[in-house]
Structure formats: structure tokens, C-alpha cells
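Novice:
Numbering (the numbering used here), first residue to last: 3 to 99.
#1: Starting from residue 52, follow the alpha helix (DSSP H) in both directions and report where the run begins and ends.
#2: For residue 60 and residue 25, what's the separation of their Cα atoms in angstroms?
#3: Using CA atoms only, rank isn't needed, just tell me which of 43, 13, 87 is closest to residue 76.
#4: Using only CA atoms, which one of 6, 14, 95, 41 lies nearest to residue 65?
#5: For residue 93, count neighbouring C-beta atoms within 10 Å of its own C-beta (all shown protein chains included) and say buried if the count is 16 or more, exposed if not.
Structure (C-alpha cells):
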């Protein structure tokens, strides 16, 4: 599975993207039964990378990505999380609360 999101600048910094990505990950692993989910962000958008990190996506790998406007390639980062890593993360979160 893959994750993507775009938010209006009016709501940036309020945690909506992080909350949404966490729920998408939960749904993907617990309901759909996916084994791995990945997400990509362009290097020019480090805030999106922080959303992914806060949501549990790891394993940052540089990768050229298609430009949003479809014109060329831009440097980006691909992150992923496996189902077993997700389960471990949930156990850590539940034991720390």
C-alpha cells in the first residue's frame, strides 16, 4: 500500500496529517492485512517527512520521484513500515501509557 496526503496551508501544523496517516496505517495493517506500507515525500517538503516519522514510517531511502506537475524528476525520500514493525510500535506505545 501507499500513503499520500495534501492539506491546505490553513491547517498546517495542527497534527491533522499525522493523525490521518496513523489511522491509515492502522487500517492498512489491522483491517486490510497489508504486509508493508510505504510513503514518499520530496526533499523540498521536510514537514511531510516529519509527519511520516511521527506516524512510525522508517527506513528513509533517497529516490528520485516524479515532479508534482508531471514535468521531470525531483529528489525525494521513500519511507516504509512493515506489519511486524507496526505491531512492535503499538506494543511500545501501549506499555508506555
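Virtual Cβ for every residue (Gly too), placed ideally from N, Cα, C.
None of the values given here were measured: they were computed from a predicted structure.
Specialist: From the atom records:
#1: 48 to 57
#2: 16 Å
#3: Closest option to residue 76, Cα to Cα, is 43.
#4: 41
#5: exposed
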